[in-house]
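J.: Each residue of the sequence shown is one higher than the last, beginning at 13 in the numbering used here. For glycine and all other residues, C-beta sits at the position ideal for the given N, C-alpha and C.
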Amino acid sequence: MLKKQSSKLYRLLKSIQEAKAVTNVYRAVFEPLKKAPSNVITISYSSIEANGQSDAQQKARALLTREGVNPAHYKKVKITQQRSLELDANPLTEEPDNAKSAGTGNVPTAEPAEEPTQEDLIQAEIATLNERLAKLGPGESFYIDGLNDEVYHGCDGVSCSKLKLFIDCQAKYKAKYIDGLIPPPEKAYFDFGKAVHALLLEPHRMDTDFVLQPETIKVRRGKAWDEFKAEADANFQIVLNQKQWDDLKLVCRSIESCEQAQAMVSGGVAERSYFKRDAETDLIVKVRPDYQNEGLLIDVKTSDSANPRFVKPKFKKLGYHIQDAMYLDVSGAEEFAFLVIESSAPFVITPRVEMENPVRRLGYLKYRKAMRELAWALTVDDWATYTDPAECVVIGLTEYEERELAALESQIAA
Numbered sequence: 013m014l015k016k017q018s019s020k021l022y023r024l025l026k027s028i029q030e031a032k033a034v035t036n037v038y039r040a041v042f043e044p045l046k047k048a049p050s051n052v053i054t055i056s057y058s059s060i061e062a063n064g065q066s067d068a069q070q071k072a073r074a075l076l077t078r079e080g081v082n083p084a085h086y087k088k089v090k091i092t093q094q095r096s097l098e099l100d101a102n103p104l105t106e107e108p109d110n111a112k113s114a115g116t117g118n119v120p121t122a123e124p125a126e127e128p129t130q131e132d133l134i135q136a137e138i139a140t141l142n143e144r145l146a147k148l149g150p151g152e153s154f155y156i157d158g159l160n161d162e163v164y165h166g167c168d169g170v171s172c173s174k175l176k177l178f179i180d181c182q183a184k185y186k187a188k189y190i191d192g193l194i195p196p197p198e199k200a201y202f203d204f205g206k207a208v209h210a211l212l213l214e215p216h217r218m219d220t221d222f223v224l225q226p227e228t229i230k231v232r233r234g235k236a237w238d239e240f241k242a243e244a245d246a247n248f249q250i251v252l253n254q255k256q257w258d259d260l261k262l263v264c265r266s267i268e269s270c271e272q273a274q275a276m277v278s279g280g281v282a283e284r285s286y287f288k289r290d291a292e293t294d295l296i297v298k299v300r301p302d303y304q305n306e307g308l309l310i311d312v313k314t315s316d317s318a319n320p321r322f323v324k325p326k327f328k329k330l331g332y333h334i335q336d337a338m339y340l341d342v343s344g345a346e347e348f349a350f351l352v353i354e355s356s357a358p359f360v361i362t363p364r365v366e367m368e369n370p371v372r373r374l375g376y377l378k379y380r381k382a383m384r385e386l387a388w389a390l391t392v393d394d395w396a397t398y399t400d401p402a403e404c405v406v407i408g409l410t411e412y413e414e415r416e417l418a419a420l421e422s423q424i425a426a
C-alpha cells in the first residue's frame, strides 16, 4: 500500500509536466454567520479545480463537510476564479446572467461589481483570524486545518522562526518583524525545499502551487522572465527550473525506497496550524507542524547531509531543539520527530531524528526565556544588539593557537 502511494506521487509529478489541464482554478471562502459560535472562523480553500463556479461551489462544500465542519454556521460560499488553465478544446461556458435574449432590444445592464482580488481575500481572512486570536484567553488555544500559507504567515503570533531570530539578535527582530526593514530572502533552494514538502505531504498542490520555468527563458532576468515571474507571483506560484523539476522525480524514488518515511507521513494531517495565548506573557504563539500523525508531530527538513554524525550538532546549532519544545508546548502533542532529506541527488533520507529529554529540556528553557525577554522588549521598546554598547569585544586564542604560539615562541627564541 505504501509503495502504491509513493508510485502515485511519481506518476502525478510526471503527468503535471506532460498533460494539459482541462479546467479552471477557483478559491472558496466561507465566512461565519454573526450568530455562529465564537470559535467559528473564516475558512478558505485555494486551488479548487472545477468546471465553472457552481461546480467549484459543490466541491468547496464537500471539502467543508469532509473536515467535519457544520455548514449551518456559514454564509453562502464566495467563489472567485484564481486563473484559467490551458484547455485542449474550447470549453462550454455558462451564459452570463446579463446576456440579452433575442428580441428584447437594447436593454441597459448594470455595471458588474468589481471582483475582489486574491490578495484582498487573503487580507480579509487575516483580519478575521486576528479578531479570533484577540479573543483568546490566557492558556486558550485552537487549531485550523487547511489554512492558507499566506494567511498563516500574515496573521498575528510569534512563530518559532521569529523567536529564533529574537534569540540571535533582538534588534534584527525589530527591524524585520516590526519595522519591516528586512525583506524575506528569495533563494532557489528555499523553493526546492517547499516543493519537496508539497510532494511528500500534499502532492495535490504540485499542479497549482508550482510552475515550470519555460525552456524559452534561459536566465532569470530580462523582460520575458519579469513578465513570467509577475504572473506566477499573482497566482501565488513558485517557479521551478528544469533541474529542480527533474530532481523531484529522484525525490519520489527516494521516498518510494523508504517505507518508514512513508509511514510517518501517511494517515494523518498535513500543515495543521496551532494558535495559543501564552499564559505567562500574554503573547499569541503559533506553530505549524508539517505533519501530524495522532500524537506525533513531524517536521520535514531538507539538509546538505542526512548523515546522523552531521545532523546531531547541526540541528542544535540551528535551534531545532527550541522548535521541538515550542511545538509540543503549543500543540499539546506528545512526540516530535524530524524527517531529514538530503538536498542533492540521490536525496538520501534519514527517516526519524528525535531529541533526547535533556536536549528538549534545554530547548524548552531557551524558549521560555526568549518569550519573557520578547514580552519585555515589546513593553519597553528596548531592543538589544549582540553586545552591550559599553563592552569591548576581546578576541583571544583557541587552545590550538596557544600551542602554536608557544611553539613559535620557542623557535624564534632559539
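Report back the beta-carbon spacing between glutamine 182 and alanine 396 to the nearest angstrom; my notes put them in contact at under 8 Å.
T.: Between alanine 396 and glutamine 182 the Cβ distance is about 5 Å, and since that is below 8 Å, they are a contact.
J.: Span of the beta strand (DSSP E) holding lysine 46?
T.: Unbroken run through lysine 46: none, as it is neither H nor E.
J.: Give the list of continuous beta strand (DSSP E) stretches no shorter than 3 residues that lie fully inside the stretch 189-227.
T.: As far as the stretch 189-227 is concerned, its whole beta strand (DSSP E) runs of at least 3 residues are 222-224.
J.: Assign glutamate 413 to buried or exposed, taking buried as 16 or more other Cβ atoms, counted over all protein chains shown, within 10 Å of its Cβ.
T.: Under this definition glutamate 413 is an exposed residue.
J.: Let me know the secondary structure DSSP gives valine 263 once reduced to three states.
T.: Residue state, collapsed to three classes: helix.
J.: For threonine 362, report the span of its beta strand (DSSP E) as first-last.
T.: It spans 361-365 - the beta strand (DSSP E) in which threonine 362 sits, taken as one unbroken run.
J.: Could you pull the start and end residues of the beta strand (DSSP E) that arginine 289 belongs to?
T.: It spans 285-289 - the beta strand (DSSP E) in which arginine 289 sits, taken as one unbroken run.
J.: Note down the Cα distance separating isoleucine 53 from glutamine 93, rounded to an integer number of angstroms.
T.: About 22 Å.
J.: Skipping 5 residues on each side, what residues in its chain have a beta carbon closer than 7 Å to that of glutamate 127?
T.: Hits under 7 Å: Thr92.
J.: Ordered along the chain, which non-local residues of its own chain (more than five positions away) have a Cβ less than 8 Å from that of lysine 87?
T.: Hits under 8 Å: Phe42, Glu43, Pro44 and Leu45.
J.: Can you list, in chain order, the residues of its chain with a C-beta nearer than 7 Å to that of lysine 241? Leave out the 5 residues immediately preceding and following it.
T.: Same-chain partners within the cutoff: Val251.
J.: Under three-state DSSP, which class holds serine 427?
T.: No answer is possible for residue 427: it lies beyond the span of the chain, which begins at 13 and ends at 426.
J.: For serine 317, write down the residues that DSSP places opposite it in a beta bridge.
T.: Its beta-bridge partners do not exist; DSSP assigns none.
J.: For the alpha helix (DSSP H) that isoleucine 424 lies in, which residues bound it at each end?
T.: Taken as a continuous stretch (DSSP letters only), the alpha helix (DSSP H) holding isoleucine 424 covers 411-425.
J.: May I ask you to check if the CB of valine 323 is nearer than 7 Å to at least one heavy atom of the ligand MN?
T.: Among the ligands in the structure shown, none appear at all, so the ligand MN cannot be discussed.
J.: For phenylalanine 248, name the three-state secondary structure that DSSP assigns.
T.: Correct three-state label for phenylalanine 248: coil.
J.: In whole angstroms, give me the CA-to-CA distance for valine 89 and alanine 40.
T.: Distance between the alpha carbons of valine 89 and alanine 40: 6 Å.
J.: Using CA atoms only, rank isn't needed, just tell me which of Asn82, Ala146 and Leu76 is closest to isoleucine 296.
T.: Ranking Asn82, Ala146 and Leu76 by Cα distance to isoleucine 296 puts Ala146 first.
J.: May I have the straight-line CA-CA distance separating proline 103 from isoleucine 134, to the nearest angstrom?
T.: The predicted model places proline 103 with a pLDDT of 41, which falls under 50 and marks its position as unreliable; any figure quoted below should be read in that light. Each residue's alpha carbon lies about 29 Å from the other.
J.: For threonine 92, write down the residues that DSSP places opposite it in a beta bridge.
T.: Per DSSP, Arg39.
J.: Cutting at 8 Å between CB atoms, please list the residues of its own chain near leucine 420, excluding the five before and the five after it.
T.: Closer than 8 Å at Cβ, skipping near neighbours: no residue.
J.: If I measure Cβ to Cβ from leucine 14 and keep anything under 6 Å in the same chain, skipping five residues before and after, which residues do I get?
T.: With a pLDDT of 43 at leucine 14, under the threshold of 50, the modelled position of that residue is not reliable, and the figure given next carries that caveat. Excluding positions up to five away in sequence, the list reads Glu271 and Gln274.
J.: Exposed or buried, which one is glutamine 335 when buried takes at least 16 other CB atoms within 10 Å?
T.: Per the 10 Å Cβ criterion, buried.
J.: Considering only residues of the same chain and omitting the five flanking positions on each side of alanine 62, which have a CB-CB separation below 7 Å?
T.: Closer than 7 Å at the Cβ level, and outside the excluded window around alanine 62, lie Thr35, Asn36, Tyr38, Ala68 and Lys71.
J.: Report the three-state DSSP secondary structure of asparagine 142 (helix, strand or coil).
T.: Here asparagine 142 sits in helix by DSSP.
J.: Using the Cα positions of glutamate 162 and aspartate 311, report the straight-line distance between them to the nearest angstrom.
T.: Each residue's Cα considered, the two are about 19 Å apart.
J.: For glycine 280, which residues in the same chain have their Cβ closer than 6 Å to its Cβ, ignoring the five residues on either side in sequence?
T.: Excluding positions up to five away in sequence, the list reads Tyr303, Gln304 and Asn305.
J.: Could you give the distance in angstroms between the alpha-carbon of leucine 148 and the alpha-carbon of phenylalanine 178?
T.: Rounded to the nearest angstrom, the two C-alpha atoms are 24 Å apart.
J.: Going along the chain, which residues of its own chain have a beta-carbon closer than 8 Å to the beta-carbon of glutamine 256, five neighbours each way excluded?
T.: For glutamine 256, where only same-chain residues beyond five positions count, the Cβ hits under 8 Å are Ala200, Asp203, Phe204 and Ala207.
J.: Please go through the same chain and pick out, in chain order, the residues whose beta-carbon is closer than 7 Å to the beta-carbon of alanine 337, but skip the five residues on each side of it.
T.: Cβ neighbours of alanine 337 beyond the five flanking positions: Arg372, Gly375, Tyr376 and Tyr379.
J.: Quick check on histidine 216: buried or exposed, where buried means 16 or more other Cβ atoms within 10 Å of its Cβ?
T.: Counting Cβ neighbours within 10 Å, histidine 216 comes out exposed, since fewer than 16 surround it.
J.: How would you call valine 231, buried or exposed, if buried means at least 16 neighbouring beta carbons within 10 angstroms?
T.: Exposed, because fewer than 16 other Cβ atoms sit within 10 Å of the Cβ of valine 231.
J.: Tell me whether asparagine 82 is buried or exposed, calling it buried when 16 or more other Cβ atoms sit within 10 Å of its Cβ.
T.: Exposed, since its Cβ has fewer than 16 Cβ neighbours within 10 Å.
J.: Taking all protein chains shown into account, do 16 or more other C-beta atoms lie within 10 angstroms of the C-beta of serine 66, making it buried, or fewer, making it exposed?
T.: Exposed.
J.: Check leucine 309 in the structure and name its three-state DSSP category.
T.: In this structure, leucine 309 counts as strand in the three-state DSSP scheme.
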